[in-house]
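Scroll down for the structure; my scribbles are underneath it.
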Amino acid sequence: MSHKRSFVRRTAAVVAAGAAAFVLAACGGDGNGDGSAGHGGHNATASPSASASASQGQHNAADVAFAKGMIPHHRQAVEMAGLAPGRAQSAEVKKLAADIKKAQDPEIRTLSGWLTSWGEEVPAEGAMDHSVHGMGGMMTDEEMTELENASGKAFDTAFMELMIKHHEGAVEMAKTEQADGAHGPATKLAGEIITSQSAEIERMNELLGKD
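With mature numbering (1 follows the signal peptide of the UniProt record, and there is no 0) applied, the sequence shown corresponds to residues -25 to -1, 1 to 186, in that order.
In structure tokens form, the structure reads like this:
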């Protein structure tokens, strides 16, 4: 009897131990499985999507288009402004041209730096190619030649009329960047362009009204 009880106890102990081992193994398996799915599997899917989001957050196609369009646009404004010291009659026009050059030269460097860091090509110097003519108030070769040949009051009037159109184009491009861009510094620069160039448009309209 005692032998039988002892046997039953031993059997129960073995069964209990086996059950415990089974539960532990199952838990361990589940834990590892969760770990793999959570850290390996989950992280494997979460990490790339997180990196993709981070990368999209850094910049997108709209940011690239903004930088590539604004660089030649700014370069032309700087070129136009460079004509003023020797041709303008009005001191106010000369100051306006100096302000434009002072603001836009550093912005060209900033925009070029972004494109380089994104692995994009910076528009070549003098890239006033046909793809950018007519874009965002860009002047044609003929308009640029007329401005170069003008002087005195005629230059002042032509410069301001053309620069108003030019600035309006830049403001529109900047508004598109604000709406569609993802790169924080680029959308911030777009806001600064809208503010400064809108103020210059107003100033030039006032100057033209005085003439």
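No residue lacks a Cβ here, since even glycine has one placed at the ideal position from N, Cα and C.
All values reported here derive from a predicted model rather than from experimental measurement.
Since I believe residue j is in contact with residue i (beta carbons under 8 Å), could you give me their beta-carbon distance rounded to a whole number of angstroms?
i      : j      : result
HIS49  : GLY111 : So it is not a contact: roughly 11 Å between Cβ atoms.
ALA52  : GLN79  : 6 Å
VAL39  : GLU95  : 5 Å
MET55  : LEU137 : 7 Å
ALA165 : GLU152 : 4 Å
GLU67  : LEU182 : 6 Å
TRP89  : ALA161 : 7 Å
GLN33  : GLY127 : Not really, about 49 Å apart at Cβ, beyond 8 Å.
LYS69  : GLY57  : The pair is not a contact, with the Cβ atoms about 11 Å apart (cut-off 8 Å).
MET114 : HIS141 : 7 Å
Using 10 angstroms around the beta-carbon of residue i, count the other beta-carbons present and answer buried if the total reaches 16, otherwise exposed.
i      : result
LYS163 : exposed
GLU123 : exposed
TRP93  : exposed
MET179 : buried
PRO98  : buried
LYS43  : buried
ARG62  : buried
GLU175 : buried
THR170 : exposed
GLY156 : buried
ALA59  : buried
ALA154 : exposed
According to DSSP, residue i sits in a beta bridge with which residue or residues?
i     : result
ALA63 : GLY127
Quiz item: Are three or more beta carbon pairs between the stretch 125 to 132 and the stretch 141 to 156 nearer than 8 Å?
Solution: The answer is no - the stretch 141 to 156 does not touch the stretch 125 to 132, with fewer than three Cβ pairs under 8 Å.
Self-check item: Continuous beta strand (DSSP E) assignments of at least 3 residues falling wholly in the stretch 140 to 178
Solution: Within the stretch 140 to 178, no complete beta strand (DSSP E) run reaches 3 residues.
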